[in-house]
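Novice: Attaching a single structure in structure tokens format; questions to follow.
In my numbering, the protein residues as written are 10 to 254.
What follows is the structure in structure tokens.
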């Protein structure tokens, strides 16, 4: 089964390895790339903060590229969405990590319940652009003081119509397309539309990490959408395995 992966690198290759190990044929087509801004983190070091919040591996990777911030904040508790982000935070040198479920809502609830933030030392949310405002909205609703630091941006990766056609159709049809973020889904289907390939793209299954991700899939493809039981990669792979079997 040929499975399309649109994640940015290096996550795309990690997912591809898991797919190969499970007997699938991954088609790796990143539609975005991370552009880090470690200087934004280092500029924030002068302000007292009580803890960090990370919603993606990319934020942790930028922290690893910001030695002054890493040195200043290495002893702070780090709140993360999901085990993947927690693992990336450990790789960046952080040890005091609290992991919530795989959503911004769950992360905000965990932070509010533990009551770590205060006006004199707010939470520092290491964020990317573009992003969902769910975490910020829920933190505000819980009256958790925080600052948002834009430390990276996800920029579109361009693919010519010819290259896109070759990736998707040479060697057989793509039978599944997995989406981890709403932005990746939006960017991929925009590429497909601009290349005039929407009519030819007909995957049997489109596993999505969450309802928000699924909502970014165009209506014409919604019948193929399958939602993960929980926002974890393993559940996306289980959907693929069930479809194949």
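Where is the CB? At the ideal position from N, CA and C, for every residue including glycine.
#1: To the nearest angstrom, report how far apart residue 62 and residue 87 are at their CA atoms.
#2: Please tell me whether residue 68 and residue 135 are closer than 8 Å, where the distance is taken between their beta carbons.
#3: With a 10 Å radius around its C-beta and 16 neighbouring C-beta atoms as the bar for buried, classify residue 181 as buried or exposed.
#4: With residue 178 as the anchor, note down where its alpha helix (DSSP H) starts and where it stops.
#5: List in chain order: all unbroken alpha helix (DSSP H) runs of 4+ residues lying wholly within the stretch 24–58.
#6: So residue 156 packs on residue 131, CB below 8 Å; how close in whole Å?
#7: For residue 131, which of helix, strand or coil comes out of DSSP?
#8: What residues are listed by DSSP as bridge partners for residue 155?
#9: Going by the DSSP bridge assignment, what does residue 106 pair with across the sheet?
#10: Closest to residue 53 by CA distance: which of 25, 27, 82 is it?
#11: If you drop the 5 nearest sequence neighbours on each side, which residues of the same chain put their C-beta closer than 7 Å to that of residue 227?
#12: Under the DSSP definition of a beta bridge, which residues are partnered with residue 161?
#13: Taking 8 Å as the cut-off, does the stretch 167–177 touch the stretch 133–147 (at least 3 CB pairs, one atom from each stretch)?
Specialist: Let me spell this out:
#1: 6 Å
#2: Less than 8 Å divides the Cβ of residue 68 from the Cβ of residue 135.
#3: exposed
#4: 170–178
#5: Counting whole runs of 4 or more residues, the stretch 24–58 contains the alpha helix (DSSP H) stretches 47–52.
#6: Indeed they touch by this definition, with Cβ atoms about 5 Å apart.
#7: coil
#8: 132
#9: 87
#10: Measuring from the Cα of residue 53, the nearest candidate turns out to be 82.
#11: Excluding positions up to five away in sequence, the list reads 198.
#12: According to DSSP, residue 161 shares a beta bridge with 45, 137.
#13: Two segments are said to touch when three or more pairs of C-beta atoms, one from each, lie closer than 8 Å; by this definition the stretch 133–147 does not touch the stretch 167–177.
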